[in-house]
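Structure first, then comments.
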């Protein structure tokens with residue numbers, strides 16, 4: 018879907034992704050961009066930086082369906098980025114994660130259908146694939162809700178898809194600013210020396226979501242092909258003079274992350290730089306052409322430790338930018 022002349026709303030729009038995505042939308046000549054979030058201070062600070070007359074700021078919480086119904090009035094495209102994302106915080110505050118990440122997702126779906134929003138993309142995470150922590154479990158449930166939502170839109174034009182990717186370089190809560198800060202102490206705490214993660218830059222993430230708005234038919238989970246990195250390599254390059262201190266796995270933490278499981282692979286097709294996990298019950302797609310792409314082989318999985326693309330030291334420095 019072309020965004021030119023459209024009204025775009027971003028839930029959680031004051032976050033790292035939201036700010037970058039809003040900038041991209043303004044460059045693409047949208048008619049209006051609405052930031053929907055619950056923190057008035059962050060909205061105020063963002064409004065000082067984004068002074069474009071097409072900007073709107075809407076205070077609200079995805080837990081509040083009535084507020085979403087009001088915010089989505091006249092909106093063409095919704096990017097759902099609002100979530101509770103801190104793994105440990107979700108482990109110790111489980112019902113809060115459920116209320117925001119699952120019930121809030123359903124509220125976004127209902128409001129989008131109520132207001133005849135045309136396209137909705139929900140941001141997901143690699144932690145939603147074979148989740149072992151509550152955050153990942155809530156995002157898996159959210160993914161299922163958004164895929165299934167296509168089946169009950171009736172004659173409305175609304176379509177829902179999901180974008181799933183890994184850790185975002187330099188985002189709030191990322192290990193990179195933490196390592197950068199800790200190098201002053203002479204030690205860098207690492208949970209396990211074997212740990213690996215997928216990495217993507219904010220610019221890459223924003224562009225991928227933009228591309229998926231054009232590609233989506235409804236019900237897909239889009240997964241970009243992105244590189245992996247060992248956490249010890251990050252620490253070595255960010256803080257080369259520091260001692261690594263291994264402190265053990267935290268509650269809800271994995272050694273490695275996956276974005277496509279073996280079970281997902283059976284319904285996944287591959288393209289040059291991304292995958293599509295296709296919907297299992299795509300009744301709403303009847304009469305449309307298929308996705309194309311190459312079906313994955315039996316027992317394929319896309320995991321951070323078996324990935325074929327690993328960042329070199331020089332590529333890590335390029336990714337890190339100011340944090341190198």
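Numbering (our numbering), first residue to last: 18 to 341. Where a beta carbon is used, it is the ideal one built from N, C-alpha and C, also for glycine. Small disclaimer: the values here were computed from a predicted structure and weren't measured.
Review point. DSSP three-state call for residue 202: helix, strand or coil?
Key: Residue numbering aside, residue 202 sits at position 185 when the chain shown is read from its first letter. Looking at residue 202 - three-state DSSP - the assignment turns out to be helix.
Exercise for review: Report the residue from 258, 73, 64, 210 whose alpha carbon sits nearest the alpha carbon of residue 266.
Suggested key: Numbered from 1 along the chain shown, position 249 holds the residue referred to as residue 266. Comparing Cα positions, the closest option is 210.
Review point. Whose CA, out of 85, 96, 109, lies closest to the CA of residue 131?
Key: As a first step, residue 131 is located in the chain shown; it is residue number 114 there, counting from the start. When only C-alpha atoms are compared, the closest one is 85.
Review point. DSSP on residue 231, reduced to helix/strand/coil?
Key: Reading the chain shown from its first residue, position 214 is the one you call residue 231. Of the three classes helix, strand and coil, the one that applies to residue 231 here is helix, per DSSP.
**Study point:** Residue range of the unbroken alpha helix (DSSP H) whose run includes residue 41
**Key:** On the chain shown, position 24 is the one that residue 41 refers to. Residue 41 -> alpha helix (DSSP H) spans 33-44.
**Study point:** Bridge-paired residues (DSSP) for residue 84
**Key:** What you label residue 84 is simply residue 67 of the chain shown in a count that begins at 1. Partner(s): none; residue 84 has no beta bridge.
Review point. Do you know whose CA, among 109, 65, 127, lies nearest residue 5's CA?
Key: The question about residue 5 has no answer, for the chain in this structure spans 18 to 341.
**Study point:** Three-way DSSP call (helix, strand, coil) for residue 329 in this model
**Key:** The residue given as residue 329 occupies position 312 in the chain shown. Looking at residue 329 - three-state DSSP - the assignment turns out to be coil, as it is neither helix nor strand.
Practice item. Could you give the DSSP three-state label for residue 237: helix, strand or coil? Key: Reading the chain shown from its first residue, position 220 is the one you call residue 237. Correct three-state label for residue 237: coil.
Practice item. Identify, in the order they occur along the chain, each residue of the same chain with its Cβ nearer than 7 Å to the Cβ of residue 273, setting aside the five sequence neighbours on each side. Key: Position 256 of the chain shown, counted from the first residue, corresponds to residue 273. Cβ within range, chain order: 213, 320, 321, 322.
Check your understanding: How would you write the range of the alpha helix (DSSP H) that residue 63 sits in, first residue to last?
Key -> Taking the first residue of the chain shown as 1, we reach residue 63 at position 46. 57-66 is the span of the alpha helix (DSSP H), which, as asked, contains residue 63.
Check your understanding: Does the segment 158-174 come close enough to the segment 196-205 that 3 or more CB-CB pairs lie under 8 Å?
Key -> no
Exercise for review: Determine the direct distance from the alpha carbon of residue 101 to that of residue 277, and round the result to whole angstroms.
Suggested key: For the purposes of this step, residue 277 is taken as residue 260 along the chain shown, with counting starting at 1. For the purposes of this step, residue 101 is taken as residue 84 along the chain shown, with counting starting at 1. Roughly 22 Å between the two C-alpha positions.
Exercise for review: Along the beta strand (DSSP E) that carries residue 179, what are the first and last residues, could you check?
Suggested key: Position 162 of the chain shown, counted from the first residue, corresponds to residue 179. Where residue 179 is concerned, the enclosing beta strand (DSSP E) stretches over 176-182.
Point to revise | Alpha-carbon spacing of residue 262 relative to residue 207, whole angstroms | key: Position 245 of the chain shown, counting from 1, holds the residue named residue 262. Position 190 of the chain shown, counting from 1, holds the residue named residue 207. Spanning the two alpha carbons is a distance of roughly 6 Å.
Review point. Can you round the beta-carbon distance between residue 98 and residue 79 to whole angstroms, since I take them to be within the 8 Å contact cut?
Key: For the purposes of this step, residue 98 is taken as residue 81 along the chain shown, with counting starting at 1. For the purposes of this step, residue 79 is taken as residue 62 along the chain shown, with counting starting at 1. Not a contact, Cβ separation roughly 10 Å.
Check your understanding: Straight-line CA distance for residue 122 to residue 215?
Key -> Reading the chain shown from its first residue, position 105 is the one you call residue 122. Reading the chain shown from its first residue, position 198 is the one you call residue 215. Computed Cα separation, rounded: 25 Å.
Exercise for review: Flag this pair as yes or no: are the beta carbons of residue 205 and residue 259 separated by less than 7 Å?
Suggested key: Position 188 of the chain shown, counted from the start, is the residue given in the question as residue 205. Position 242 of the chain shown, counted from the start, is the residue given in the question as residue 259. A contact, by the Cβ cut-off of 7 Å.
Check your understanding: Taking Cβ positions, are residue 150 and residue 104 nearer each other than 7 Å?
Key -> Sequence index remark: in the chain shown, residue 150 carries index 133 (1-based). Sequence index remark: in the chain shown, residue 104 carries index 87 (1-based). Yes, the pair counts as a contact, with Cβ atoms nearer than the cut-off.
Check your understanding: So the beta strand (DSSP E) residue 52 belongs to, where does it begin and stop?
Key -> Counting from 1 along the chain shown, the entry for residue 52 is found at position 35. Segment 49-54, the beta strand (DSSP E) holding residue 52.
Practice item. Kindly examine the ligand FAD and report whether one of its heavy atoms sits closer than 6 Å to the Cβ of residue 110. Key: Looking for the ligand FAD in the displayed structure turns up nothing, as the structure carries no ligands at all.
Practice item. Along the alpha helix (DSSP H) that carries residue 130, what are the first and last residues, could you check? Key: The residue labelled residue 130 in the question sits at position 113 within the chain shown. Counting along the chain, the alpha helix (DSSP H) containing residue 130 begins and ends at 121-131.
Check your understanding: How big is the Cα-Cα spacing for residue 171 and residue 236?
Key -> Locating residue 171 in the chain shown gives position 154, where the first residue counts as 1. Locating residue 236 in the chain shown gives position 219, where the first residue counts as 1. C-alpha separation (whole angstroms): 15 Å.
Review point. Identify the residues that DSSP records as bridge partners of residue 262: which are they?
Key: For the purposes of this step, residue 262 is identified with residue 245 of the chain shown, where counting begins at 1. In DSSP, residue 262 forms a bridge with 206.
Exercise for review: Starting from residue 75, follow the beta strand (DSSP E) in both directions and report where the run begins and ends.
Suggested key: Within the chain shown, residue 75 is the residue found at index 58, counting from 1. Its beta strand (DSSP E) spans residues 72-76.
Review point. Between which two residues does the beta strand (DSSP E) carrying residue 161 extend?
Key: Along the chain shown, one-based indexing puts residue 161 at 144. Premise fails: residue 161 lies in the alpha helix (DSSP H), 151-166, not in any beta strand (DSSP E).
Check your understanding: So, residue 294 versus residue 281, is the Cβ gap smaller than 7 Å?
Key -> On the chain shown, residue 294 is found 277 positions in, with the first residue counted as 1. On the chain shown, residue 281 is found 264 positions in, with the first residue counted as 1. Yes, Cβ-Cβ distance for residue 294 and residue 281 is below 7 Å.
Exercise for review: Go ahead and pull the three-state DSSP assignment for residue 243.
Suggested key: As a working note, residue 243 is residue 226 in the chain shown. Three-state DSSP puts residue 243 in coil, outside helix and strand.
Exercise for review: Thinking residue 59 and residue 31 are a contact (beta carbons under 8 Å), I'd like their distance in whole angstroms, please.
Suggested key: Against the chain shown, residue 59 aligns to sequence position 42. Against the chain shown, residue 31 aligns to sequence position 14. About 4 Å; that satisfies the 8 Å criterion.
Check your understanding: In this structure, does DSSP put residue 299 in helix, strand or coil?
Key -> For the purposes of this step, residue 299 is taken as the residue at position 282 of the chain shown. Of the three classes helix, strand and coil, the one that applies to residue 299 here is coil, per DSSP.
Exercise for review: Could you tell me which of 174, 46, 145 sits nearest to residue 162, measuring between CA atoms?
Suggested key: Taking the first residue of the chain shown as position 1, residue 162 is located at position 145. Among 174, 46, 145, the Cα nearest to that of residue 162 belongs to 145.
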